[in-house]
Amino acid sequence: MEGSNMNLGEAQQFLREYEREAAEMCFRVKQSQWNFSTNITDANKRRMVPSIQLEEQALESKLDRLSWRRATSFTWTRLPDSQTRRQLNMLVTQTRAGLPDNEFDELQQVISEMKDIYSRARVCPYHNRMNNYCDLALEPDLTRALAHTRDYEEQLHLWKAWRDSVGPPIRSRYIHYMQLANKAARINGKYRINHLIL
């Protein structure tokens, strides 16, 4: 998908602005996640509550949409500079921003719901299964346990318990996510979403 603007200078200026804005957005989101993960204070917990996460996700989505719309205004396949063509190609074809607004919002909601399920899921420890004290989260508990234990039965228990607590509630959402993501891939000239990732 491309527009009619063939002005190389404008395309390069847009890419400089995009790089600055995207870097700022990425830094802000990652800084909040890092603060939460390494310094779990009440202030950091409040910053990472779902409403704040959704707000940051909405801002990131808005940047993606606006950048995609701007990138598609250029006739990027015919610009003389190969670096500019490559960058615009990535912005235009490696995104879900081409979906209609309602489906893009729906996709963002499904992603948010799946992240919420992942973050809230808890499983019982292998050695204390009988006391019903199931408080192991994926991060850092399960990833640490799976990385360090050499007991096959414990690994199997943790993996199966995690899959059983997360899999069923995510299944229908993931199927819907793939349908929307594949539609975005087709809009971008790809057959399936895995062609975007590769």
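Heads up, my numbering is the position in the sequence shown plus 50, with the first residue counted as 1.
Positions of the beta carbon are idealized from the N, C-alpha and C atoms, including for glycine.
These numbers were taken from a predicted model, which means no experiment stands behind them.
Asked: Buried versus exposed call for residue 234 [16 or more other C-beta atoms within 10 Å across all chains shown]; Found: buried
Asked: Boundaries of the alpha helix (DSSP H) in which residue 132 is found, first to last residue; Found: 132 to 143
Asked: Cβ-based burial, residue 177 [other Cβ within 10 Å; buried from 16]; Found: exposed
Asked: Reference residue 151; option with closest CA among 112, 78, 59, 128; Found: 112
Asked: Straight-line Cα distance separating residue 202 from residue 75; Found: 42 angstroms
Asked: CA nearest to the CA of residue 127, picked from 199, 56, 207, 221; Found: 56
Asked: For residue 160: DSSP bridge partner residues; Found: In DSSP, residue 160 forms no bridge with anything.
Asked: Test item: CB-CB of residue 173 and residue 197 under 8 angstroms; Found: no
Asked: Where residue 60 falls: helix, strand or coil (DSSP); Found: helix
Asked: Buried or exposed (CB count within 10 angstroms, at least 16 for buried), residue 227; Found: buried
Asked: For residue 173: DSSP bridge partner residues; Found: 186
Asked: C-beta contact flag for residue 52 and residue 145 at 8 angstroms; Found: no
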